[in-house]
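The opening position of the sequence shown corresponds to residue 1 in UniProt numbering, with each subsequent residue numbered one higher. We put the CB at the ideal spot given by N, CA and C, even for glycine. Only one structure is covered here, and it is reproduced in the block below.
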Amino acid sequence: MATFKVSRVQTSPIDGQKPGTSGLRKKVTVFKQPHYLHNFVQSTFDALSASKVKGATLVVSGDGRYFSKDAIQIIIQMSAANGVRRVWVGQNGLLSTPAVSCVIRERVGADGSKATGSFILTASHNPGGPHEDFGIKYNMENGGPAPEGVTDKIYANTKTIKEYFIAEDIPDVDISVLGVTTFRGPNGQFDVEVFDSATDYVKLMKSIFDFDAIRKLIASPKFSFCYDALHGVAGAYAKRIFVEELGADESYLLNCIPKEDFGGGHPDPNLTYAKELVARMGLGKEKPQNEPPEFGAAADGDADRNMVLGKRFFVTPSDSVAIIAANAVQSIPYFSSGLKGVARSMPTSAALDVVAQHLNLKFFEVPTGWKFFGNLMDAGLCSVCGEESFGTGSDHIREKDGIWAVLAWLSILAFKNKDNLSGGKLVTVEDIVTKHWATYGRHYYTRYDYENVDAGAAKELMSYLVKLQSSLPDVNKIIKGIRSDVSSVVKADEFEYKDPVDGSISKHQGIRYLFEDGSRLVFRLSGTGSEGATIRLYIEQYMKDPSKTGRDSQEALAPLVDVALKLSKMQAFTGRSAPTVIT
Numbered sequence: 001m002a003t004f005k006v007s008r009v010q011t012s013p014i015d016g017q018k019p020g021t022s023g024l025r026k027k028v029t030v031f032k033q034p035h036y037l038h039n040f041v042q043s044t045f046d047a048l049s050a051s052k053v054k055g056a057t058l059v060v061s062g063d064g065r066y067f068s069k070d071a072i073q074i075i076i077q078m079s080a081a082n083g084v085r086r087v088w089v090g091q092n093g094l095l096s097t098p099a100v101s102c103v104i105r106e107r108v109g110a111d112g113s114k115a116t117g118s119f120i121l122t123a124s125h126n127p128g129g130p131h132e133d134f135g136i137k138y139n140m141e142n143g144g145p146a147p148e149g150v151t152d153k154i155y156a157n158t159k160t161i162k163e164y165f166i167a168e169d170i171p172d173v174d175i176s177v178l179g180v181t182t183f184r185g186p187n188g189q190f191d192v193e194v195f196d197s198a199t200d201y202v203k204l205m206k207s208i209f210d211f212d213a214i215r216k217l218i219a220s221p222k223f224s225f226c227y228d229a230l231h232g233v234a235g236a237y238a239k240r241i242f243v244e245e246l247g248a249d250e251s252y253l254l255n256c257i258p259k260e261d262f263g264g265g266h267p268d269p270n271l272t273y274a275k276e277l278v279a280r281m282g283l284g285k286e287k288p289q290n291e292p293p294e295f296g297a298a299a300d301g302d303a304d305r306n307m308v309l310g311k312r313f314f315v316t317p318s319d320s321v322a323i324i325a326a327n328a329v330q331s332i333p334y335f336s337s338g339l340k341g342v343a344r345s346m347p348t349s350a351a352l353d354v355v356a357q358h359l360n361l362k363f364f365e366v367p368t369g370w371k372f373f374g375n376l377m378d379a380g381l382c383s384v385c386g387e388e389s390f391g392t393g394s395d396h397i398r399e400k401d402g403i404w405a406v407l408a409w410l411s412i413l414a415f416k417n418k419d420n421l422s423g424g425k426l427v428t429v430e431d432i433v434t435k436h437w438a439t440y441g442r443h444y445y446t447r448y449d450y451e452n453v454d455a456g457a458a459k460e461l462m463s464y465l466v467k468l469q470s471s472l473p474d475v476n477k478i479i480k481g482i483r484s485d486v487s488s489v490v491k492a493d494e495f496e497y498k499d500p501v502d503g504s505i506s507k508h509q510g511i512r513y514l515f516e517d518g519s520r521l522v523f524r525l526s527g528t529g530s531e532g533a534t535i536r537l538y539i540e541q542y543m544k545d546p547s548k549t550g551r552d553s554q555e556a557l558a559p560l561v562d563v564a565l566k567l568s569k570m571q572a573f574t575g576r577s578a579p580t581v582i583t
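What follows is the structure, encoded as structure tokens:
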């Protein structure tokens, strides 16, 4: 048994280590600076109670992006030095963010141990590579992201840190080989266990969904699908679930080999970046060579986000969570006894609100950030939730879950087609969505992202929008001067949320303009970028009249888009004549 000693290394604070919406994200070159990662990890240990560190079990893995393997070894050494009893690492350092949450909640070690938290190494949907993004976040014993109380402590510690602890004589652990490596130090025995990344997660998915029903759907000659992992960590699960468990042909998988730089692509599952899938599904500019599959889906780098497509048809994330909620009880065994409640992030369209009202479900509108859903779930108040940023999930874990969302859609398709797989017309993704609109109305919806905007200019724009809200008559005068066919604003505010579980208050969560006809404009600064500022503009138009739910989305939203850009003086403040991404 190898031994190690603990070194106390002198350091000093490094600016800019404030965790964003989901952890700390910076360029790899920043994380590689001397002491940078070490300072943040030690600040995290110091922010936790002693019972969550001394003698504890931690999970350390991520999406496999560049610098992950180096970071894992550093965190192993620092965990040992800080008195952690054991570290669990997914094979090759790979664990999707939802799988980490699953492992914390479900996995029991051979000695009966359970994880009390995790360092997740991911920058989610941001690009990877030597000159791209890296990220780290801490998840708690419930499997969810650290709450603001903890992240505030972490940040405070980064501003006062003077030393960190590390066991530098622990050699690099071979994380490609399953097994346990044992060391002994001043605090006693320390183990590093490398385990299979997929086993626990696959077991959980099989307990939630009717795999037999999905298998019958996939086996039908009428049905085909394509799953694009965008070379992210979802590829570590795709073959196990879709091919080995559900019997899909391996040709249905696209870009499912995880790569440190995501194959040079941008691992963000949307119509802009998932180009190959979009083309295969018949939604590209050029006509596909073959008939598009009936169902398509994509994942982001750490597999917590998803995009769902039908043949020549895009499902907005806002519609997706509403449709899953509307069909969950009859289609997914896990929800057979009913939903406890549903929730969405504030910028997400109100499609879920209408479903909740129709089904008499508890409904919550929360700030952006999965931790807010986690509080509701821990209190037994929420079963299904989602964000417009391609995040969907349920209370089976405490993170959004991209593969879960795909299995939910396959379950709905399997249920709708259970009587016609051998004969009759296939109920398609488009059929399900258009029927939903006919029942609940349609929320036309789009998001404009302005990425890497000068941070000062972004703040000035937001301040301008807040000042405008002081006089609604003036706002409406401006709007009518832009477009006379747009209804009037009846309420304008900065969204503020009081958590019904812990009473905490989150302020400045986005600027809202709410219109008389149910339309909305929302502006907010994103906390997921690694540099500059990202301004997100959300535009929503509700149509209940069935004769108007089949319009082209761009056509339906054009008046509100015009108002949003001119009201905010977007080009004047940012210098941008067009957004970086439209979803």
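### Message
So Phe165 and Tyr138 are supposed to be a Cβ contact under 8 Å. How far apart are they, rounded?
### Response
With a Cβ gap of about 17 Å, Phe165 and Tyr138 do not count as contacting.
### Query
With distances taken from CA atoms, which of Arg398, Gly109, Asp302, Pro333 is nearest Asn126?
Taking each of Arg398, Gly109, Asp302, Pro333 in turn and checking the Cα distance to Asn126, the smallest one comes out for Asp302.
### Task
Please report how far the alpha carbon of Ser488 lies from the alpha carbon of Ala414, in whole angstroms.
Rounded to the nearest angstrom, the two C-alpha atoms are 43 Å apart.
### Query
What is the DSSP secondary structure of Arg512, counted as helix, strand or coil?
Taken through DSSP and simplified to helix, strand or coil, Arg512 comes out as strand.
### Query
How many angstroms separate the CA atom of Ile154 from the CA atom of Phe40?
Each residue's Cα considered, the two are about 8 Å apart.
### Message
Quick check: the Cα distance between Ala146 and Arg25, rounded to an integer number of angstroms?
### Response
Approximately 15 Å, taken between the alpha carbons.
#### Entry: Under the three-state DSSP convention, the category Gly310 falls into
Secondary structure at Gly310: strand, using DSSP grouped into helix, strand and coil.
### Query
Gly263 by DSSP, collapsed to three states: which one?
Gly263: helix per DSSP, three-state reduction.
### Task
Throw me the rounded Cβ distance for the Val177 and Glu245 pair, which I believe falls under 8 Å.
The Cβ separation is near 25 Å, so there is no contact.
### Message
If you measure between the beta carbons of Tyr450 and Ile535, is that distance less than 9 Å?
### Response
Cβ distance < 9 Å, so Tyr450 and Ile535 count as in contact.
### Task
Can you check DSSP and say which residues form a bridge with Tyr155?
Residue pairing by DSSP leaves Tyr155 without any beta bridge partner.
### Query
Can you list the beta strand (DSSP E) stretches of 3 or more residues lying completely in the region 42-71, in chain order?
Those beta strand (DSSP E) runs which fall completely within the region 42-71 and span 3+ residues are 57-62.
#### Entry: Asp431 to Asp395 span [Cα, whole Å]
When rounded, the separation of the alpha-carbon atoms in Asp431 and Asp395 is 28 Å.
### Query
Can you tell me whether DSSP reads Tyr445 as helix, strand or coil?
Three-state result, Tyr445: strand.
### Message
Ignoring anything shorter than 3 residues, give me the beta strand (DSSP E) runs that lie fully in the region 198-251, in order along the chain.
### Response
As far as the region 198-251 is concerned, its whole beta strand (DSSP E) runs of at least 3 residues are 225-228.
### Query
Any chance the region 223-236 sits against the region 299-316, with 3 or more Cβ pairs inside 8 Å?
Short answer: they touch.
### Query
So, helix, strand or coil for Ala115, using DSSP?
In the displayed model, Ala115 falls within coil according to three-state DSSP, outside both helix and strand.
### N-terminal and C-terminal residue of the alpha helix (DSSP H) that Glu132 is part of
Looking at the DSSP string, Glu132 is not in any alpha helix (DSSP H), and its letter there is neither H nor E.
### Message
Strictly by DSSP, which residues pair up with Gly23?
### Response
Beta-bridge pairing by DSSP links Gly23 to Gly20.
### The alpha helix (DSSP H) enclosing Tyr440, as first and last residue numbers
Its alpha helix (DSSP H) spans residues 429-440.
### C-alpha distance - Gln509 paired with Val366, whole-angstrom precision
Per the coordinates, the alpha-carbon of Gln509 lies some 9 Å from the alpha-carbon of Val366.
### Message
Please report the distance separating the alpha-carbon of Ala408 from that of Ile324.
### Response
When rounded, the distance between both Cα atoms is 7 Å.
### Task
Would you kindly check if the distance between the Cβ of Tyr513 and the Cβ of residue 584 is under 9 Å?
Residue 584 is absent from the structure shown; the chain starts at 1 and stops at 583.
### Task
Specify, as a first and last residue, the run of the beta strand (DSSP E) that Arg524 falls within.
The continuous beta strand (DSSP E) containing Arg524 extends over residues 520-526.
### Message
Looking at Ser101: is its Cβ nearer than 9 Å to the Cβ of Arg398?
### Response
The answer is yes: Cβ separation under 9 Å.
#### Entry: Boundaries (first-last residue) of the alpha helix (DSSP H) holding Ile412
Counted as a single uninterrupted DSSP element, the alpha helix (DSSP H) harbouring Ile412 occupies residues 402-416.
### Query
Apart from the five residues just before and just after Phe190, which ones in its own chain have a Cβ nearer than 6 Å to its Cβ?
Closer than 6 Å at Cβ, skipping near neighbours: Ala80, Phe183.
### Message
Just to confirm my understanding: we take Ser207, look at its own chain, exclude 5 residues before and 5 after, and list those with CB closer than 8 Å. What are they?
### Response
Excluding residues up to 5 positions away in sequence, Tyr334 lie with their Cβ nearer than 8 Å to the Cβ of Ser207 in the same chain.
### Query
How big is the Cα-Cα spacing for Lys162 and Ala71?
Straight-line Cα distance between these residues: approximately 21 Å.
#### Entry: Classification of Arg280 by the beta-carbon crowding that lies within 10 angstroms, buried from 16 upward
Under this definition Arg280 is a buried residue.
### Message
Measuring only the C-alpha atoms, how far is Arg105 from Ser224?
### Response
The alpha-carbon of Arg105 is positioned some 34 Å away from that of Ser224.
### Residue of Ser337, Arg305, Gln541, Asn270 minimising C-alpha distance to Phe313
Of the listed residues, the one whose Cα sits closest to Phe313 is Asn270.
### Message
I'd like the span of the alpha helix (DSSP H) that includes Cys385, first residue to last.
### Response
Where Cys385 is concerned, there is no enclosing alpha helix (DSSP H), although the beta strand (DSSP E) it sits in stretches over 384-387.
### Task
Tell me the start and end of each unbroken alpha helix (DSSP H) in the region 288-336 that is at least 4 residues and wholly inside, in chain order.
Fully enclosed alpha helix (DSSP H) runs of no fewer than 4 residues occupy 317-331 of the region 288-336, in order along the chain.
### Task
Kindly give me the distance between the Cβ atoms of Leu410 and Ile214, rounded to whole angstroms, as I take these residues to be in contact under 8 Å.
The Cβ separation is near 5 Å, so the contact holds.
### Residues near Phe4 by beta carbon distance below 7 Å, same chain, minus five either side
Excluding residues within five positions, the ones whose Cβ falls inside 7 Å are Ala80, Ala167, Asp169, Ile170, Phe183, Gly185.
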